[in-house]
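Asker: If you read the sequence shown in the UniProt record's numbering, its first letter stands for residue 1, the second for the next number, and so on. I have a structure here, written as structure tokens, and I will follow up with some questions on it.
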Amino acid sequence: MAIERQVTEGEEPVSPFARLFSLPGLDVFNVVTIGCKTEGNPSTIVEGLKNTLINHPRFSSILVNGHGEHKGKAKWIPTKVKVEEHVVVPDIDPNIENPDEFLEDYTSRMALSPMDMSKPLWEFHLLKLKTSHAESVAVARFHHSLGDGMSLMSLLLACTRKTCDPEALPTFVAPKKSKAKNVCFAVVAWLWFIVRIMFHTCVEVINSMVFICCARDTSAHIMGKPGATLRNNKFIHQIISLDDVKMVKNAMNMTVNDVLFGMVQAGLSRYLNQRYDLEDKQRLHGVVFFNLRPNRNIEDLANMMAKGSKCRWGNSIGYVLIPLETKSYDDVFEYVRQSKTMMDRKKHSLEPLFSHGLLKLTMEVFGFKALKTLVTKIFGSTTMVFSNVVGPTEEISFFGHQISYIAASTFGIPQGLIIGIQSYVDKLIINIGVDVDVIPDPHHLCDLIIEALSMMKSAAPQKIFHASEV
């Protein structure tokens, strides 16, 4: 309240989590690569951004950490945005020998380059580059203080339209509605659900606190060093078929997320055993992010940019700590089974809300220095960050450019391995960000993850056949 009274008209105080992500040594960014099926037209994209993105208050404001008599009072100050200064069109040799490798190197260099804090904290790089999956590429970089990954991705998608209907916003998979049940049965089910929530919350929160206070992952092979990812990053992405994942999902009677996390565990386990010949079981943990917003609708964001309406914005995410399996199994489905067991426990707990509250409480009681120490401890004591984002189910266009794929990643946290998976129509894009001092061959790791899916796909028909016999 004290800060709000000192903020002049038009200015807004910076949220605590936005300040956290802009602290020295913890600058966190989101990088989104958009592959297009047509050659890029910079003037069309610039004009489109003028009519959409900069109408959002955060994208037309400067982050000021405080000066003069208001030193330390961070705030957003509205400014006039010249979109052309935020759009970069590099001169690229059209006959470049390996465009896919060039894109990886360009994205890595772009991610590590400093961002001008005297301007709104976003930029687009338009590459006239034909790759294996696109005729041209746009790479966007957003400072994490603008909002969490879900908010930023939703806002970006709110700038797109369906290819089949240029006036319509993208559509996403609708959540399944529960079937009508007997009233007595519904009451019993609700009470049992509450009991499960309470039990799993207590167990998972205690395990999380014990790990944060007393433990860390035992494998020194792929543990990131604090700040290491800021010096020597590499980002890669591979595209696979969503139908292949759904085939395994149906065979296992599980969710797409269970199969994806099982794939990642199987690939990482094989990578560690091949590269380091591990004999003993290693204690590894992954950080998995959860979106805490009940409404993922992008219509509100589109209205915000078009009409200036209000909607919930900012960083609103929680995290959970998940043990990673490093043991080698002859049955590749065992990784999926263990992933489902663990993810079900996390989904039926309030650990994501607790973790969000823990960060807020630490900041309010002990200040930003303690919060930074806690965040560094969490990510510095774990092995991997994992996220899975559901994308549009129909093809969309970005200011008239039909999109081939969307790949998103995060960098700036002290972590040696970051894996993000994004769906788009019938595709899944696997994004891997690594510290090459920790994982020098990310392509091999990605190949092992995809190979794990191939093994599951090959065995899936037999599993369906045996299930039907029973």
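Ideal Cβ placement from N, Cα and C applies to all residues, glycine included.
With H, G and I counted as helix, E and B as strand and the rest as coil, what does DSSP make of residue 415?
Answerer: Residue 415 falls in the coil class under three-state DSSP.
Asker: Note down the Cα distance separating residue 212 from residue 416, rounded to an integer number of angstroms.
Answerer: Each residue's Cα considered, the two are about 18 Å apart.
Asker: Which same chain residues end up closer than 8 Å to residue 96 when comparing Cβ atoms and leaving out the 5 residues on each side of it in sequence?
Answerer: Cβ within range, chain order: 102 and 129.
Asker: What would DSSP say about residue 37, mapped onto helix, strand or coil?
Answerer: Residue state, collapsed to three classes: coil.
Asker: Leaving aside the five residues before and after residue 257 along the sequence, list all residues of the same chain whose C-beta is less than 6 Å from its C-beta, in chain order.
Answerer: Closer than 6 Å at the Cβ level, and outside the excluded window around residue 257, lie 388.
Asker: Measuring alpha carbon to alpha carbon, tell me which residue in 147, 172, 353 and 239 is nearest residue 410.
Answerer: Nearest C-alpha to residue 410: 147.
Asker: Helix, strand or coil: how does DSSP classify residue 228 here?
Answerer: Because the pLDDT at residue 228 is just 43, under 50, the model does not fix this residue reliably, and the value given afterwards should be weighed accordingly. Here residue 228 sits in helix by DSSP.
Asker: Would you be able to state if there are at least three C-beta pairs under 8 Å between the region 162–174 and the region 331–350?
Answerer: Contact between the region 331–350 and the region 162–174 is absent, because fewer than three Cβ pairs lie under 8 Å.
Asker: Counting only runs that start and end within the UniProt domain "O-acyltransferase WSD1 C-terminal" (313–457), where is the alpha helix (DSSP H) found for 4 or more residues in a row?
Answerer: Fully enclosed alpha helix (DSSP H) runs of 4 or longer: 333–347, 351–366 and 368–380.
Asker: Leaving out five residues before and five after residue 375 in sequence, what residues of the same chain have Cβ atoms less than 6 Å from its Cβ?
Answerer: Answer for residue 375: no residue qualifies.
Asker: Could you tell me whether the region 429–448 touches the region 264–279, where touching means 3 or more Cβ pairs closer than 8 Å?
Answerer: With a cut-off of 8 Å, the region 264–279 and the region 429–448 count as touching, because enough Cβ pairs lie within range.
Asker: Would you check if the region 363–372 and the region 389–403 touch, i.e. whether three or more CB-CB distances between them fall below 8 Å?
Answerer: Because the criterion of three Cβ pairs below 8 Å is not met, the region 389–403 and the region 363–372 do not touch.
Asker: Hey, how far is the Cα of residue 163 from the Cα of residue 46?
Answerer: Each residue's Cα considered, the two are about 19 Å apart.
Asker: So for residue 235, helix, strand or coil by DSSP?
Answerer: Correct three-state label for residue 235: strand.
Asker: To the nearest angstrom, how far is it from the Cα of residue 390 to the Cα of residue 422?
Answerer: About 6 Å.
Asker: Under 8 Å, with one C-beta from each stretch per pair, do the region 28–44 and the region 108–122 reach the 3-pair mark?
Answerer: Counting Cβ pairs under 8 Å, three or more are found: they touch.
Asker: Can you list, in chain order, the residues of its chain with a C-beta nearer than 7 Å to that of residue 404? Leave out the 5 residues immediately preceding and following it.
Answerer: Closer than 7 Å at the Cβ level, and outside the excluded window around residue 404, lie 35, 36, 37, 133 and 134.
Asker: Once DSSP output is grouped into helix, strand and coil, what is the label at residue 135?
Answerer: Residue 135 falls in the coil class under three-state DSSP.
Asker: Take residue 383 as the anchor and find which of 353, 418, 344 and 408 has the nearest alpha-carbon.
Answerer: For residue 383, the nearest C-alpha among the options comes from 418.
Asker: Just to confirm, are residue 432 and residue 287 a CB contact at a threshold of 8 Å?
Answerer: Their beta carbons are not under 8 Å apart, which means residue 432 does not touch residue 287 by this criterion.
Asker: Tell me the DSSP bridge mates of residue 472?
Answerer: Any question about residue 472 goes unanswered here, given that the chain covers just 1 to 470.
Asker: At a cut-off of 7 Å, is residue 163 close to the ligand ZN when judged by its beta-carbon and the heavy atoms of the ligand?
Answerer: Of the ligands one can find in the structure shown there are none, so the ligand ZN has no counterpart to examine.
Asker: Hey, how far is the Cα of residue 161 from the Cα of residue 168?
Answerer: Spanning the two alpha carbons is a distance of roughly 5 Å.
Asker: Compute the beta-carbon to beta-carbon distance between residue 317 and residue 150, rounded to the nearest angstrom, for a pair I have assumed lies under 8 Å.
Answerer: Yes, they are in contact, since the Cβ atoms of residue 317 and residue 150 sit about 7 Å apart, within 8 Å.
Asker: Buried or exposed, going by whether 16 or more other CB atoms sit within 10 Å of the CB of residue 154?
Answerer: Buried, since its Cβ has 16 or more Cβ neighbours within 10 Å.
Asker: Candidates 109, 79, 119 and 165: which alpha carbon is nearest residue 472's?
Answerer: What the structure shows of the chain is the stretch from 1 to 470, and residue 472 is not part of that stretch, so it cannot be assessed.
Asker: Check for me: the alpha helix (DSSP H) holding residue 246 runs from which residue to which?
Answerer: 242–252 is the span of the alpha helix (DSSP H), which, as asked, contains residue 246.
Asker: Residue 55 by DSSP, collapsed to three states: which one?
Answerer: Reduced to three states, the DSSP call for residue 55 is helix.
Asker: To the nearest whole angstrom, what separates the beta carbons of residue 64 and residue 120, a pair I think is in contact under 8 Å?
Answerer: Contact flag wrong, Cβ pair sits at about 12 Å.
Asker: Look at residue 240 and residue 104 and say whether their C-beta atoms are less than 8 Å apart.
Answerer: Their beta carbons are not under 8 Å apart, which means residue 240 does not touch residue 104 by this criterion.
Asker: Quick one: what's got a C-beta closer than 6 Å to residue 62's C-beta in the same chain, skipping five residues either side?
Answerer: 77 and 79.
Asker: Does DSSP classify residue 61 as helix, strand or coil?
Answerer: In this structure, residue 61 counts as strand in the three-state DSSP scheme.
Asker: Take residue 343 as the anchor and find which of 275, 261, 274 and 454 has the nearest alpha-carbon.
Answerer: Nearest option by C-alpha distance: 261.
Asker: By a C-beta neighbour count over all protein chains shown, 10 Å radius and 16 as the cutoff for buried, is residue 159 buried or exposed?
Answerer: So residue 159 ends up on the buried side.
Asker: Looking at the secondary structure, which residues open and close the beta strand (DSSP E) in which residue 200 lies?
Answerer: First-last for residue 200: 183–214, but that is the alpha helix (DSSP H), not the beta strand (DSSP E).
Asker: Leaving out five residues on either side along the sequence, give the residues of the same chain with a beta carbon under 6 Å from the beta carbon of residue 88.
Answerer: Around residue 88: 125.
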